[in-house]
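Number 376 marks the last residue of the sequence shown (the numbering used here); no jumps.
Each remark here refers to the structure printed beneath this line.
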Amino acid sequence: MRRFGAVILALLLLGSIGAHHPVKAQEELTVYSYDSIEWWMKEIIPIFEEKYGAKVNLVLIGDAGEVLNRLILEKDNPQADVVVGIDNSYLAKAIDAGILEPYRPKNVDVIPDWIIEKFDPTFHLTPYDYGYIAINYRKDMIQNPPTSLEDLTKPEWKGKLIIEDPRTSSPGMAFLLWTIAVYGDDWLYYWEKLKANDVQIVEGWSAAWEAFTKGEYPLVLSYATSPAATVYYENNTNIGAVAFKEGNYLQIEGAGIVKGAKHPELAKKFIEFLISEEAQEKLPVNQWMYPVNKNVQLPEVFQYAVQVDKPLTVDPAEIERNYETWLKQWTALMVEGKSADEILGKTSTETNEEKGGICGPVLVVGLALIPLLLWRRK
């Protein structure tokens, strides 16, 4: 019996040594985002991978608009688990497209309420950073910069401002929305004055910034944090930014779980990780935006960023309803050369009435007086 028992024991031991125990495969999380987020992601993804024993497949797709269009095209067969970089300009479109799974992060209390209220209280997207569009100026060329949108249409700034095309640029689109937030239905008339003041429009931010730094233009459309970035990278304090009297346009970026994600639990962890201190503290000098986590201290260099007291936004639902129309109207005015009145379908009579011209009741009274004047001459 002992021998039998010893043989059985030996067989059991050999079996346990040679037996194959299946190992759980490493989860791979696919994240879609825009190109310029790469530097921040390169710093934080390794931390996430080590923390959760997972692999992150980062897919960079042009700008935020292209990322959203890709998700919509893949709606019936989603390839991504998480999307990072949908801002308030595209928020309503993303929600209406039905590509996002709402999720309220467990650590959401680190985000100030005002950011959530201005962005997405439904948590289809969780905000992870925010910033402001601002006019930047060269201190060696300008001592008293413009302090309002209206100032930009004045003769002293004629031909001195370079901005980005809203059809091809995120800050360009934000500037268009900024003017809509301030001027409402009259925004086309503002752009008409801006055009008459020889504003220069280029395709993207890089082209605008290059012309600005070469001294070709003393004013450029950029960000409130751009002066801080120039100090950080170039030790250059020659750039300033202005908080405008009307306020500055607020951009908030968010991340969300893609509906139909193959790894929903890991996706939730990634959303929570993005707003954690360990990820947020690496955001400012990579994104040049403000972290949403209220416990994160800003780098000292951010003292060179302009402080904005009046955040301006346009309701995301309104943007979704009018986005294409606004771009068509802008193109008709700035590219095709039509007037604001032509674009809005106003007649010359309507225009004269609005401008106090001789029309309507005034014209009727004038015509009624003609026979009386002729009779007196007799």
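Heads up, the beta-carbon is just placed ideally off N, CA and C, and yes, glycines get one too.
Outcome for residue i when other beta-carbon atoms lying within 10 angstroms are tallied against a minimum of 16
{"i": "Val197", "result": "buried"}
{"i": "Thr323", "result": "exposed"}
{"i": "Tyr128", "result": "buried"}
{"i": "Asp74", "result": "exposed"}
{"i": "His19", "result": "Low local confidence applies: a pLDDT of 39 at His19 is under 50, so the model's placement there is unreliable, and no value is given."}
{"i": "Ala206", "result": "buried"}
{"i": "Ile109", "result": "buried"}
{"i": "Val290", "result": "buried"}
{"i": "Asp118", "result": "buried"}
{"i": "Thr120", "result": "exposed"}
{"i": "Pro297", "result": "exposed"}
{"i": "Val256", "result": "buried"}
{"i": "Thr347", "result": "Summary for Thr347: the model assigns pLDDT 45, below 50, so the residue's position carries little reliability, and this model does not support an answer."}
{"i": "Asn246", "result": "buried"}
{"i": "Gly3", "result": "Confidence at Gly3 is low in this model, with a pLDDT of 39, below 50, so its placement is unreliable and no value can be given for it."}
Residues that residue i bridges to, as DSSP identifies them
{"i": "Asn246", "result": "Pro309"}
{"i": "Leu219", "result": "Ile133"}
{"i": "Ser31", "result": "Leu58"}
{"i": "Asp107", "result": "Asp107 is not bridged to any residue."}
{"i": "Ala253", "result": "Val82, Thr124"}
{"i": "Gln198", "result": "Ile160"}
Rounded straight-line distance, which links the Cα of residue j to that of residue i
{"i": "Ile131", "j": "Ser224", "result": "10 Å"}
{"i": "Val82", "j": "Asp339", "result": "40 Å"}
{"i": "Ile423", "j": "Pro282", "result": "Residue 423 lies beyond the range of the chain shown here (-1 to 376); nothing can be said about it."}
{"i": "Pro44", "j": "Ala330", "result": "47 Å"}
{"i": "Asn55", "j": "Glu154", "result": "51 Å"}
{"i": "Lys344", "j": "Thr177", "result": "21 Å"}
{"i": "Pro309", "j": "Gln301", "result": "19 Å"}
{"i": "Leu342", "j": "Met332", "result": "14 Å"}
{"i": "Leu175", "j": "Glu316", "result": "11 Å"}
{"i": "Lys156", "j": "Arg136", "result": "16 Å"}
{"i": "Glu148", "j": "Asp307", "result": "18 Å"}
{"i": "Tyr32", "j": "Pro169", "result": "14 Å"}
{"i": "Val80", "j": "Glu270", "result": "12 Å"}
{"i": "Leu58", "j": "Glu36", "result": "8 Å"}
{"i": "Glu47", "j": "Asn142", "result": "49 Å"}
{"i": "Ala62", "j": "Pro164", "result": "13 Å"}
CA nearest to the CA of residue i, picked from the options
{"i": "Gln183", "options": "Pro297, Lys212, Trp328", "result": "With the sequence shown as reference, residue 183 is identified as Asp, and Gln is not the correct amino acid for it. It is Trp328."}
{"i": "Asn67", "options": "Tyr247, Ala315, Asp94", "result": "Asp94"}
{"i": "Ser87", "options": "Ser337, Leu325, Lys336", "result": "Leu325"}
{"i": "Ile237", "options": "Val256, Phe210, Gly245", "result": "Phe210"}
{"i": "Val392", "options": "Gly63, Gly51, Leu69", "result": "Given that the chain is displayed from residue -1 to residue 376, the structure contains no residue 392 and the question cannot be resolved."}
{"i": "Gly202", "options": "Asn195, Thr228, Thr166", "result": "Thr166"}
{"i": "Val65", "options": "Gly51, Ile42, Ile97, Ile133", "result": "Ile97"}
{"i": "Leu159", "options": "Tyr188, Asn142, Leu192, Met171", "result": "Leu192"}
Cβ pair residue i, residue j closer than 8 Å
{"i": "Leu219", "j": "Phe173", "result": "yes"}
{"i": "Leu272", "j": "Ala253", "result": "yes"}
{"i": "Pro125", "j": "Ile250", "result": "yes"}
{"i": "Ile113", "j": "Ile161", "result": "no"}
{"i": "Thr311", "j": "Ala179", "result": "yes"}
{"i": "Lys53", "j": "Gln24", "result": "yes"}
{"i": "Phe242", "j": "Thr145", "result": "yes"}
{"i": "Glu318", "j": "Ala90", "result": "yes"}
{"i": "Val240", "j": "Val304", "result": "yes"}
Residue-level contact to chain B via CB, residue i, 8 Å cutoff
{"i": "Asp313", "result": "As a matter of chain content, chain B is missing from the structure shown, which is built from one protein chain."}
Closer than 7 Å: residue i CB and nearest the ligand GDP heavy atom
{"i": "Asp107", "result": "Absence of the ligand GDP is noted for the structure shown, with no ligands found whatsoever."}
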